[in-house]
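First the structure, in the form of structure tokens, and then the observations on it.
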Amino acid sequence: MTVCSWAFGEKENMQVYHAKEWGKETHDERLLFEMLSLELMQAGLSWQTVLDKRQAFKDDFCDFDTEKIGQLTSDEINQIIQDPRIIRNKRKIDAIINNAKIVEQWHKQGNSLDDFFWSYVGHHPLVSHWHHAEEVPASSFLSQQISRDLKKMSFQFVGPTIIYSFLQAIGVVNDHIETCENKYL
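Note that our numbering numbers the sequence shown so that position 62 is 480, with each residue one more than the last.
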């Protein structure tokens, strides 16, 4: 057995992420928002960069509690923007705050991220049968559809590629290659 090539030979935190998180069904609201936020932070960067800064993002973004993020003051947002431990992209930081406020509105209406994302696949993961990493797409019809729907609701930094990576991360799409020892864990 082997592991997916993108995690092989990387830092230990990447290997642990691949083995314990990536592709596993996720239904926890906080973790879903965390992964959506981290995936948007990755845009144009490597996942390793984001993973190395994950704890700092948790610290700055209230452990990805959408209610607390939505209540951040201007001073607190400025402190986040100045934090050298994170990716200091103002547009991405503003997107996380914007998206948190939208999620909080959903929660107040009795909706959830869990139901929203999993409803697209009938609440059952899509298991791919790739044999080589090169076969795995960067986006799909599903990620394009979800991206369009999120943008209609004013979510930011939710393009089809970001959404596809997010769907992989939360297990909606299981893109572990067939020979990966983590395919069905």
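Don't be surprised by glycine CBs; every beta carbon is placed ideally from N, CA and C.
Spatial neighbours of residue i in its chain, beta-carbon cut-off 8 Å, leaving aside the 5 residues before and after
i	result
D470	K429 and N431
Cβ shell of residue i (< 6 Å), same chain only, five flanking positions each side left out
i	result
I605	Coverage of the chain is limited to positions 419 through 603, which leaves residue 605 absent and any answer about it impossible.
H550	none
A474	R503 and I504
M459	V468, I505 and K510
T420	T597
Close-in-space but distant-in-sequence residues of the same chain around residue i (CB under 7 Å, 5 per side omitted)
i	result
D532	H445, E447 and L450
T579	A556 and S557
Q433	A425
K486	C480
Q466	E428, K429 and M432
S423	A551
Residue i classed as buried or exposed, judged by whether at least 16 other C-beta atoms fall within 10 angstroms
i	result
H436	buried
V591	buried
Q497	exposed
V576	buried
H608	An answer regarding residue 608 cannot be provided, because it is not within the stretch 419 to 603 covered by the chain.
F584	buried
G589	buried
K510	buried
E452	buried
G462	exposed
N600	buried
Q527	exposed
Q500	exposed
Contact test: residue i Cβ vs the ligand NAD heavy atom, cutoff 7 Å
i	result
Q497	Absence of the ligand NAD from the depicted structure is noted, as is the absence of any ligand whatsoever, leaving it without description.
Option nearest residue i by Cα separation, candidates the options
i	options	result
K569	A587, P555, M453 and I520	I520
T484	W524, E494 and S492	W524
D477	A556, I495 and A587	I495
S572	R472, A518 and Y602	A518
Y538	F482, T597, C598 and D567	D567
L603	A425, G427 and G441	G441
F535	K486, L454, D512 and A556	L454
A513	E457, S546 and K526	E457
Q489	K508, I499 and N516	N516
Q586	D501, C480 and V545	V545
F482	E522, A425 and E443	E522
P543	S464, T420 and E443	E443
Beta bridge counterpart(s) of residue i as assigned by DSSP
i	result
V545	N592
C598	T420
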